[in-house]
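Undergrad: Going left to right, the sequence shown walks through residues 1024 to 1332 as the working numbering numbers them.
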Amino acid sequence: MRNPTMRVESGEYSATIAAVGGGLRAATFQGQPLVETYDGLPPLFANVVLAPWPNRVGNGSFSHGGQEYSLPLNEQERGNALHGLVGEKLWDLHRLDDSKVIARTKVTHDDGWPWTLSCQTEYRAVASGIEATFTVQNLSLSSSPFAYGIHLYLNALGAPADDCTLYLSSERCEGLDSQRLLPTGETLETRDVLGHGQVRGAQWDHCFVRTPLTGGLADAGNFAAVVNSEGRGTRLDMDPSFGWVHVFTADPAHGHGYPGRGRAIAVEPMTAPIDALRSGRGLKILVPGAKFRVRWKLSAIDTAGGLPA
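1) I need the DSSP call for Thr1326, collapsed to helix, strand or coil.
2) What does Ile1297 pair with, by DSSP beta-bridge criteria?
3) If you follow the beta strand (DSSP E) that Arg1214 is in, where does it begin and where does it stop?
4) Quick one: Cα of Phe1246 to Cα of Ile1153, how far?
5) Have a look at the DSSP bridge pairing and note the partners of Asp1261.
6) Return the CA-CA distance between Val1222 and Tyr1281, expressed in angstroms with no decimal places.
7) Buried or exposed: Thr1207, going by 16 or more other Cβ atoms within 10 Å of its Cβ?
8) Which of helix, strand or coil does DSSP assign to Ser1167?
9) What are the residues that DSSP puts in a beta bridge with Ala1248?
10) Provide the residue span of the beta strand (DSSP E) that contains Trp1267, from first to last.
11) Would Ala1211 and Gly1198 qualify as a contact pair, given that the criterion is a beta-carbon distance under 7 Å?
12) Counting along the chain, where does the beta strand (DSSP E) carrying Ser1093 start and finish?
13) Between the Cα of Leu1094 and those of Glu1111, Gly1088, Leu1217 and Pro1075, spot the shortest distance and give me the residue it belongs to.
14) Which residue's Cα is closest to the Cα of Cys1187: Thr1128, Leu1217 and Phe1068?
15) Could you check if Leu1119 is buried or exposed, using at least 16 other CB atoms within 10 Å of its CB as the buried criterion?
16) Grouping DSSP H, G and I as helix and E and B as strand, with all else coil, what is His1087?
17) Between the region 1104-1124 and the region 1041-1053, are three or more C-beta pairs nearer than 8 Å?
18) How long is the line joining the alpha carbons of Ser1084 and Thr1144, rounded to whole angstroms?
19) Tell whether a beta-carbon distance below 7 Å holds between Pro1275 and Gly1285.
20) Compute the Euclidean distance between the alpha carbons of Trp1138 and Ser1165, then round it to the nearest angstrom.
21) If you check the beta carbons only, do Pro1065 and Val1072 fall under 7 Å apart?
22) With a threshold of 8 Å, are at least 3 pairs of Cβ atoms found where one atom belongs to the region 1180-1195 and the other to the region 1091-1105?
23) My output table needs one value for Ala1182: the three-state DSSP class, helix, strand or coil.
24) At the level of alpha carbons, what is the spacing between Ala1170 and Val1317?
25) Which whole-angstrom value is the C-beta distance of Val1159 and Phe1315, which I expect to be below 8 Å?
26) Whose CA, out of Thr1039, Asp1260 and Phe1231, lies closest to the CA of Ala1295?
27) Beta strand (DSSP E) containing Asp1228: first to last residue?
28) If you follow the beta strand (DSSP E) that Val1031 is part of, which residue opens it and which one closes it?
29) Whose CA, out of Tyr1176, Ile1308 and Leu1191, lies closest to the CA of Ala1287?
30) Looking only at its own chain, which residues have a Cβ that is under 6 Å from the Cβ of Ala1241, when we skip the five neighbours before and after it?
Quick look at the structure:
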């Protein structure tokens, strides 16, 4: 499959938007990477849009409006439907100006979704970073459940992942079973899972919950960051609709290394948690014609400039 791209830039920031998956092939500050990049097609869901659901749906089955539905199982070893239906689609790219590109696609019955949804992401390069605004609209005659995520691999300005520290505005982590990575109902403390956030030696595949913050993080908002040993790195700011963040460690020792990098850290903001199509937690119910919009932003940071400790 071909994978056309379009570039946006403003000041010291630039980004390349890829048609396959509708996500970022690259994003940079002063030429240094904010996300992991790739050649050809996105590996390991790199930076693609996750819709109409992120993460996993156990058995690929769910009910809505009194009817049962089945989804394609693309994680067959665990019996799950994984990461939605648009991550491998060829999105249409439209340039508005040098700093703005819109990526568009639809989800339909042909994709395995019972409803028709119009999906659009507007990417903008601005003086303070790379901004993304995602909008979905239900074009069907009946209501559709919906959740959104983005599978970003954060890169701290080119530093090896194992030389970095991960920060999250979260105090709780949802327990997952070890076989299928579906929720157990158990709640863990974020600090017990992340420790001090040191990436070296860590193997994460965990779902963290955004919680009201106090103390030094009170004014930090909803964010994640990967920071290198010099205290510089990449910050991801998310609007309040993102109630969950999944963190995944790509690792060749576990059979899924990131091409050209080995270990890498995926930070995946989600508007609903794992298995939301079955549990209903966090789901948006889009009535006919309804829209849902969500925003996130990437920027370079220096801990001396204010990343909360």
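Ideal placement from N, C-alpha and C gives every residue a C-beta, glycine not left out.
TA: Here's the rundown:
1) In the sequence shown, the residue the question calls residue 1326 occupies position 303. Of the three classes helix, strand and coil, the one that applies to Thr1326 here is helix, per DSSP.
2) One-based indexing of the sequence shown puts residue 1297 at position 274. DSSP, once it has assigned bridges, lists no residue as partnering Ile1297.
3) Working through the sequence shown from its first residue, we reach residue 1214 at position 191. Careful: Arg1214 lies outside any beta strand (DSSP E), inside the alpha helix (DSSP H) at Thr1213 to Leu1217.
4) Counting from 1 along the sequence shown, the entry for residue 1246 is found at position 223. Counting from 1 along the sequence shown, the entry for residue 1153 is found at position 130. Roughly 14 Å separates the two Cα atoms.
5) Here the question's residue 1261 lines up with position 238 in the sequence shown. Residue identity check: residue 1261 is Met in the sequence provided, not Asp. The partner list for Met1261 (beta bridge, DSSP) reads Trp1319.
6) One-based indexing of the sequence shown puts residue 1222 at position 199. One-based indexing of the sequence shown puts residue 1281 at position 258. Answer to the nearest angstrom: the Cα atoms are 15 Å apart.
7) Walking along the sequence shown from the start, residue 1207 turns up at place 184. The residue in question, Thr1207, is exposed, as its Cβ has fewer than 16 Cβ neighbours within 10 Å.
8) What you label residue 1167 is simply residue 144 of the sequence shown in a count that begins at 1. Strand.
9) Looking up residue 1248 in the sequence shown gives position 225. The partner list for Ala1248 (beta bridge, DSSP) reads Tyr1190 and Arg1258.
10) Indexing the sequence shown from 1 puts residue 1267 at position 244. Per DSSP, Trp1267 belongs to the beta strand (DSSP E) from Trp1267 to Ala1273.
11) Indexing the sequence shown from 1 puts residue 1211 at position 188. Indexing the sequence shown from 1 puts residue 1198 at position 175. Looking at the sequence provided, one finds Leu at residue 1211 rather than Ala. Contact: yes.
12) One-based indexing of the sequence shown puts residue 1093 at position 70. Start and end: Gln1090 to Ser1093.
13) Taking the sequence shown and counting its residues from 1, the one referred to as residue 1094 is at position 71. Cα-wise, what sits closest to Leu1094 is Pro1075.
14) Position 164 of the sequence shown, counting from 1, holds the residue named residue 1187. Minimum Cα distance to Cys1187 is reached at Leu1217.
15) Here residue 1119 is taken as the residue at index 96 of the sequence shown, counted from 1. Leu1119 is exposed by the Cβ-count criterion.
16) Here residue 1087 refers to the residue found at position 64 when the sequence shown is read from its first residue. Of the three classes helix, strand and coil, the one that applies to His1087 here is strand, per DSSP.
17) yes
18) Working through the sequence shown from its first residue, we reach residue 1084 at position 61. Working through the sequence shown from its first residue, we reach residue 1144 at position 121. One C-alpha to the other measures close to 27 Å.
19) The residue labelled residue 1275 in the question sits at position 252 within the sequence shown. The residue labelled residue 1285 in the question sits at position 262 within the sequence shown. Yes, the Cβ-Cβ distance between Pro1275 and Gly1285 is below 7 Å.
20) Taking the sequence shown and counting its residues from 1, one reaches residue 1138 at position 115. Taking the sequence shown and counting its residues from 1, one reaches residue 1165 at position 142. Taking the straight line from one Cα to the other gives about 8 Å.
21) As a working note, residue 1065 is residue 42 in the sequence shown. As a working note, residue 1072 is residue 49 in the sequence shown. Result no, Cβ atoms of Pro1065 and Val1072 do not sit closer than 7 Å.
22) no
23) In the sequence shown, residue 1182 corresponds to position 159, counting from 1. Ala1182 falls in the coil class under three-state DSSP.
24) One-based indexing of the sequence shown puts residue 1170 at position 147. One-based indexing of the sequence shown puts residue 1317 at position 294. Taking the straight line from one Cα to the other gives about 10 Å.
25) Here residue 1159 refers to the residue found at position 136 when the sequence shown is read from its first residue. Here residue 1315 refers to the residue found at position 292 when the sequence shown is read from its first residue. Rounded, the Cβ-Cβ distance is 5 Å, consistent with contact.
26) In the sequence shown, residue 1295 corresponds to position 272, counting from 1. Comparing Cα-Cα distances from Ala1295 to each of Thr1039, Asp1260 and Phe1231, the minimum goes to Phe1231.
27) Mapped onto the sequence shown, residue 1228 falls at position 205. Per DSSP, Asp1228 belongs to the beta strand (DSSP E) from Asp1228 to Arg1233.
28) Here residue 1031 refers to the residue found at position 8 of the sequence shown. Residues Thr1028 to Ser1033.
29) Residue 1287 sits at position 264 when you count from the first residue of the sequence shown. Of the listed residues, the one whose Cα sits closest to Ala1287 is Tyr1176.
30) As a working note, residue 1241 is residue 218 in the sequence shown. With a pLDDT of 41 at Ala1241, under the threshold of 50, the modelled position of that residue is not reliable, and the figure given next carries that caveat. No residues qualify anywhere along the chain.
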